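Q: This structure is in structure tokens; I'll ask about it shortly.
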């Protein structure tokens, strides 16, 4: 059993150290020629595996929330993430899905924990693998 001791996730080279939970969802994308035939067999072309990263971010101050928003609101960004499949860090082009900013304390300007998905723009086969 190997143990990974590096940074779990970086966006545009910045370590995201406020992660409460990290889920790597392995999504298969099938081509237009895909589907089940009348016998019930699946036929078609697998375009690739697109690893969506689901993050839960711990509660943040106003400044911390602003920093994350400036990153997550970009049209796309480079994500370095740990892949158990390859046992190394992979890099790819991603964008952030929708997320909520929920003010928990108006006088202290603190925000609740939130979840966000990082969605890949290309398949994992296109992601750079490094040890």
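Residue numbers (this note's numbering): 8 to 138.
Just so you know, even glycine gets a beta-carbon here, dropped at the ideal spot from N, CA and C.
Since the model is a prediction, treat every value here as computed from it, not as a measurement.
(1) Just the Cα atoms here: how many angstroms apart are residue 134 and residue 127?
(2) What are the residues that DSSP puts in a beta bridge with residue 117?
(3) For residue 90, collect the residues of the same chain with a Cβ closer than 6 angstroms to its Cβ; drop the 5 residues on either side in sequence, then sort them by chain order.
(4) Kindly indicate which residue of 48, 87, 81 has the alpha-carbon position closest to the one of residue 60.
(5) Given a threshold of 16 other Cβ atoms within 10 Å of its Cβ, counted over all protein chains shown, does residue 131 qualify as buried or as exposed?
(6) Would you identify the three-state DSSP class for residue 74, choosing helix, strand or coil?
(7) Who are the Cβ neighbours of residue 34 in its own chain at under 6 angstroms, not counting the five residues just before and after it?
(8) Please name the residue, chosen from 121, 136, 129, 125, that lies closest to residue 67 on a Cα-to-Cα basis.
(9) On the three-state DSSP scale, how would you describe residue 45?
(10) Exposed or buried, residue 93, counting other C-beta atoms within 10 Å across all chains shown (16 or more means buried)?
A: Reading it off the structure:
(1) Translated into positions along the chain shown, residue 134 becomes position 127. Translated into positions along the chain shown, residue 127 becomes position 120. Looking at the two C-alpha atoms, the distance is approximately 10 angstroms.
(2) For the purposes of this step, residue 117 is identified with residue 110 of the chain shown, where counting begins at 1. BP columns for residue 117 point to 68, 112.
(3) Against the chain shown, residue 90 aligns to sequence position 83. Answer for residue 90: 97, listed in chain order.
(4) As a position in the chain shown, residue 60 is number 53, starting the count at 1. Answer by Cα proximity: 87.
(5) Here residue 131 refers to the residue found at position 124 when the chain shown is read from its first residue. So residue 131 counts as buried.
(6) Counting from 1 along the chain shown, the entry for residue 74 is found at position 67. Note: residue 74 maps to helix in three-state DSSP.
(7) Looking up residue 34 in the chain shown gives position 27. Excluding sequence neighbours, residue 34 sits near 57, 59.
(8) Mapped onto the chain shown, residue 67 falls at position 60. Per the Cα distances, 121.
(9) On the chain shown, position 38 is the one that residue 45 refers to. Note: residue 45 maps to coil in three-state DSSP.
(10) Taking the chain shown and counting its residues from 1, one reaches residue 93 at position 86. Result: exposed.
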